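Heads up: the structure comes next, in structure tokens.
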Amino acid sequence: MQQTYFMAFGPRMTFGAAVGVAVPAELTLLIASDHISEKTSISLRAAGIQYLDRSGNASIRFDDVLVDVRGRKRTSPPEPQQHRRATNPFSPRRAQVVSALLTWPRLAGATTREIARAAGVSVGQAHETMHMLTESGHLLQNAGTLHGLRELLENWTAAYPTGLGPRLALAAFRDTVGAPPTGDAANELWVSGESAVPQLIRPVTTTLYVGSLDPALPVANRWRADGPPNVFIRRKFWSVPDDNDDGHRVDGIRLAPWPLVYADLMSSGDARQREVAQEWRDRHVGPDQM
8 MQQTYFMAFG PRMTFGAAVG VAVPAELTLL IASDHISEKT SISLRAAGIQ
58 YLDRSGNASI RFDDVLVDVR GRKRTSPPEP QQHRRATNPF SPRRAQVVSA
108 LLTWPRLAGA TTREIARAAG VSVGQAHETM HMLTESGHLL QNAGTLHGLR
158 ELLENWTAAY PTGLGPRLAL AAFRDTVGAP PTGDAANELW VSGESAVPQL
208 IRPVTTTLYV GSLDPALPVA NRWRADGPPN VFIRRKFWSV PDDNDDGHRV
258 DGIRLAPWPL VYADLMSSGD ARQREVAQEW RDRHVGPDQM
């Protein structure tokens with residue numbers, strides 16, 4: 008007797024992560040982990056989800072086969088943290104990868120090369136970030152599924168003002184006209200921050216992403232280099248995957264990836280924008296996606 012399974016591995020597997028795995032219709036899900044807690048195992052058995060862990064706990068059944076092992080503790084304590092090299096999980100390059108995964112979750116099951124292209128990083132940097140996400144339990148190995156999106160988003164956003172955000176800044180100008188950007192260069196713009204959500208707030212600043220700063224852009228829009236800035240130009244690092252639509256626009260300008268809009272709102276230092284950011288986040292990540 009034999010059974011073919013679709014295995015999903017996560018170092019810290021939870022019941023919520025298990026039920027979120029997309030399983031091919033013809034296969035049976037098998038959850039694997041370093042250790043599955045007693046609470047999680049009870050929920051998995053109640054839901055009919057089979058599992059096993061390195062400690063020897065298991066619940067497997069097919070045909071006349073039944074394996075039911077419970078209550079085994081970790082075989083060895085977790086590796087002391089001081090023996091590991093301190094690593095920033097949201098360094099600018101890694102943050103670009105996380106941003107791409109949050110924007111296009113299906114990339115979690117794509118090739119490393121596809122992820123690297125979408126995030127604007129090297130294949131090695133993409134691979135390293137995916138490994139770190141697996142270690143943290145946010146990526147289910149072999150399942151191509153992100154877990155804990157809301158937590159991942161909040162941690163990524165918290166690191167943005169001192170990490171990725173400053174690396175993206177290109178220029179700042181003073182706009183005294185208040186009209187949407189115009190000119191040939193406007194076709195290569197992506198809008199973010201409060202200007203990306205005029206249906207939620209009356210914007211007083213403009214945040215724009217560009218592949219490179221065209222000198223004609225500030226000239227065409229009569230932006231000034233003196234005085235308090237209210238137009239912020241940032242570097243576009245991402246590439247939209249081939250099977251995704253980038254057609255969402257505000258005043259004819261394409262919308263930046265939604266996590267960047269959220270991060271720019273949250274890092275603005277403006278209470279109005281931070282309040283709007285919560286609503287924007289809830290439109291994209293529900294409270295159940297913890």
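Counting with my numbering, you get residues 8 to 297 for the letters of the sequence shown. Glycine included, C-beta positions come from ideal geometry on N, C-alpha and C. Note that the structure is predicted; figures quoted are calculated from it, not measured.
For residue i, count neighbouring C-beta atoms within 10 Å of its own C-beta (all shown protein chains included) and say buried if the count is 16 or more, exposed if not.
| i | result |
| --- | --- |
| alanine 93 | Its pLDDT being 48, under 50, alanine 93 is placed unreliably in this model, and the value from its coordinates should be taken loosely. Exposed, since its Cβ has fewer than 16 Cβ neighbours within 10 Å. |
| lysine 243 | buried |
| isoleucine 49 | exposed |
| valine 204 | buried |
| glutamine 10 | exposed |
| glutamine 132 | buried |
| serine 274 | buried |
| arginine 281 | exposed |
| histidine 154 | buried |
| glycine 218 | exposed |
| glutamate 201 | buried |
| proline 87 | Caution is warranted here: a pLDDT of 48 is assigned to proline 87, below 50, making its placement in the model unreliable, and the coordinate value is therefore given only provisionally. Per the 10 Å Cβ criterion, exposed. |
| threonine 214 | buried |
| aspartate 75 | exposed |
| alanine 223 | exposed |
| proline 31 | exposed |
| aspartate 271 | buried |
| glutamine 103 | buried |
| arginine 288 | buried |
| valine 72 | exposed |
| alanine 126 | buried |
| leucine 34 | exposed |
| alanine 284 | buried |
| arginine 290 | exposed |
| arginine 100 | buried |
| arginine 229 | exposed |
So the candidates are the options; which of them puts its Cα closest to the Cα of residue i?
| i | options | result |
| --- | --- | --- |
| serine 62 | Met139, Pro248, Gly144 and Glu45 | Glu45 |
| leucine 220 | Thr35, Leu73, Asp75 and Ala178 | Ala178 |
| glutamine 57 | Gly78, Asp258, Tyr12 and Arg79 | Tyr12 |
| arginine 181 | Leu156, Leu160 and Val211 | Val211 |
| leucine 159 | His145, Gly170, Thr169 and Asp258 | His145 |
| threonine 152 | Gly23, His291 and Arg261 | Gly23 |
| valine 268 | Pro222, Asp249 and Trp197 | Trp197 |
| threonine 21 | Ile38, Thr118, Gly116 and Met137 | Ile38 |
| leucine 36 | Leu147, Thr110, Ala126 and Arg290 | Leu147 |
| arginine 209 | Arg279, Ser40 and Val292 | Arg279 |
| tyrosine 216 | Phe239, Trp230 and Arg229 | Phe239 |
| serine 40 | Phe16, Pro112 and Ala186 | Phe16 |
Taking residue i as part of the alpha helix (DSSP H), name the residues at either end of that continuous run.
| i | result |
| --- | --- |
| threonine 110 | 99–110 |
| alanine 125 | 119–126 |
| valine 226 | 223–227 |
| threonine 136 | 130–142 |
| tyrosine 269 | 265–273 |
| isoleucine 49 | 45–53 |
| tryptophan 287 | 278–291 |
| valine 26 | 22–26 |
| tryptophan 163 | 156–166 |
Taking the beta strand (DSSP E) that residue i falls in, what are its first and last residues?
| i | result |
| --- | --- |
| tyrosine 12 | 12–16 |
| isoleucine 260 | 260–262 |
| threonine 214 | 213–217 |
| threonine 35 | 35–40 |
| alanine 65 | 65–69 |
| leucine 196 | 196–199 |
| leucine 177 | 176–180 |
Going by beta-carbon coordinates alone, are residue i and residue j separated by less than 9 Å?
| i | j | result |
| --- | --- | --- |
| methionine 8 | phenylalanine 69 | yes |
| serine 199 | leucine 156 | no |
| serine 246 | arginine 120 | no |
| alanine 65 | leucine 59 | yes |
| leucine 140 | leucine 108 | yes |
| glycine 170 | serine 106 | no |
| alanine 227 | threonine 183 | no |
| threonine 47 | alanine 29 | no |
| serine 143 | proline 266 | no |
| proline 348 | alanine 117 | The structure shown does not extend to residue 348, since the chain spans only 8 to 297, so no value can be given for it. |
| arginine 81 | histidine 134 | no |
| glycine 276 | proline 187 | no |
| proline 264 | threonine 110 | yes |
Determine whether the Cβ of residue i lies closer than 9 Å to any Cβ atom of chain C.
| i | result |
| --- | --- |
| arginine 101 | The structure shown contains no chain C; it is built from a single protein chain. |
State whether the region 215–235 contacts the region 162–174, with contact taken as three or more CB pairs (one from each stretch) at a distance under 8 Å. Because the criterion of three Cβ pairs below 8 Å is not met, the region 215–235 and the region 162–174 do not touch.
Would you say the region 162–170 touches the region 120–138, given that touching needs at least three Cβ pairs under 8 Å? No, the region 162–170 is not in contact with the region 120–138.
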